[in-house]
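Here the structure comes first, spelled out in structure tokens, and everything after it is commentary.
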Ligand code: SF4
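Residue numbers (the working numbering): 122 to 325.
In structure tokens, the structure reads:
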């Protein structure tokens with residue numbers, strides 16, 4: 122995937138190509154089943170995680186909980202070994218990010234979210250059997266609403282909350298992001314995260 126539509130992010134990637142020549146250092150494409158029923162939407166690649174490996178959540182702290190949970194609930198097979206060429210394979214699930222390029226200090230701007238939203242919208246519309254979109258965190262939640270042309274005020278973010286978008290035949294569910302900060306502060310526990318996946322199972 123090649124894109125330089127966001128000048129700040131393109132410049133940051135260029136800077137990192139000099140600093141970390143062995144890193145992936147490019148927009149990170151989605152990963153998983155080509156015909157998913159579940160799409161998980163994160164925020165953006167981490168500098169030394171997905172931006173290093175080229176696969177969403179891979180080598181990011183959040184990847185341990187996310188991939189561990191997917192493996193536990195049968196959404197993945199193989200072994201997660203923090204590298205893009207491990208044996209991990211997603212089943213009926215796919216992972217993407219609201220913003221495909223690593224941002225400085227892990228912070229994206231509203232403009233970058235909007236610019237990258239066309240990619241997210243195109244991904245969502247390309248999966249004919251998609252039934253559930255899981256948004257990890259508020260930013261991802263808002264990006265998903267935007268991609269689906271839904272009004273933000275009608276769908277506030279709420280952890281564990283499910284909503285059926287009848288006209289699109291899609292369930293949306295939110296979770297706090299499985300980031301190091303959220304898990305270390307217990308905003309999100311392993312049990313809370315697993316409960317979200319149990320809910321997803323119940324509608325699929
Ligand atoms: S964040 Fe998205 S729109 Fe912006 S440069 Fe990267 S791929 Fe392109």
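Where is the CB? At the ideal position from N, CA and C, for every residue including glycine. Because the structure is a prediction, the values reported are computed rather than measured.
DSSP three-state call for residue i: helix, strand or coil?
| i | result |
| --- | --- |
| residue 204 | coil |
| residue 237 | helix |
| residue 275 | helix |
| residue 243 | helix |
| residue 165 | coil |
| residue 300 | coil |
To the nearest angstrom, how far is the alpha carbon of residue i from that of residue j?
| i | j | result |
| --- | --- | --- |
| residue 257 | residue 139 | 31 Å |
| residue 289 | residue 125 | 31 Å |
| residue 152 | residue 179 | 10 Å |
| residue 262 | residue 208 | 30 Å |
| residue 280 | residue 294 | 8 Å |
| residue 276 | residue 266 | 8 Å |
| residue 284 | residue 321 | 11 Å |
| residue 250 | residue 149 | 23 Å |
| residue 206 | residue 232 | 33 Å |
| residue 123 | residue 147 | 7 Å |
| residue 132 | residue 174 | 19 Å |
| residue 197 | residue 163 | 17 Å |
| residue 309 | residue 282 | 14 Å |
What is the residue span of the beta strand (DSSP E) that residue i lies within?
| i | result |
| --- | --- |
| residue 217 | 214 to 218 |
| residue 319 | Note, residue 319: premise wrong, no beta strand (DSSP E); alpha helix (DSSP H) at 311 to 324. |
Just to confirm, does residue i get its C-beta within under 7 Å of one of the non-hydrogen atoms of the ligand SF4?
| i | result |
| --- | --- |
| residue 90 | With the chain covering 122 to 325 only, the question about residue 90 has no answer from this structure. |
| residue 131 | yes |
| residue 87 | Because the chain here runs from 122 to 325, residue 87 falls outside it and cannot be looked at. |
| residue 142 | no |
| residue 148 | yes |
| residue 326 | Since the first residue of the chain shown is 122 and the last is 325, residue 326 is not available in this structure. |
| residue 233 | yes |
| residue 299 | no |
| residue 126 | yes |
| residue 236 | yes |
| residue 292 | no |
The alpha helix (DSSP H) with residue i in it runs from where to where?
| i | result |
| --- | --- |
| residue 189 | 182 to 193 |
| residue 133 | 128 to 140 |
| residue 260 | 259 to 268 |
| residue 173 | 171 to 174 |
With which residues is residue i paired in a DSSP beta bridge?
| i | result |
| --- | --- |
| residue 253 | 159, 292 |
| residue 153 | 215 |
| residue 147 | In DSSP, residue 147 forms no bridge with anything. |
| residue 210 | 198 |
| residue 284 | 293 |
Can you determine whether any heavy atom of the ligand FAD sits closer than 7 Å to the C-beta of residue i, and answer yes or no?
| i | result |
| --- | --- |
| residue 240 | As far as ligands go, the structure on display features the ligand SF4 and does not contain the ligand FAD. |
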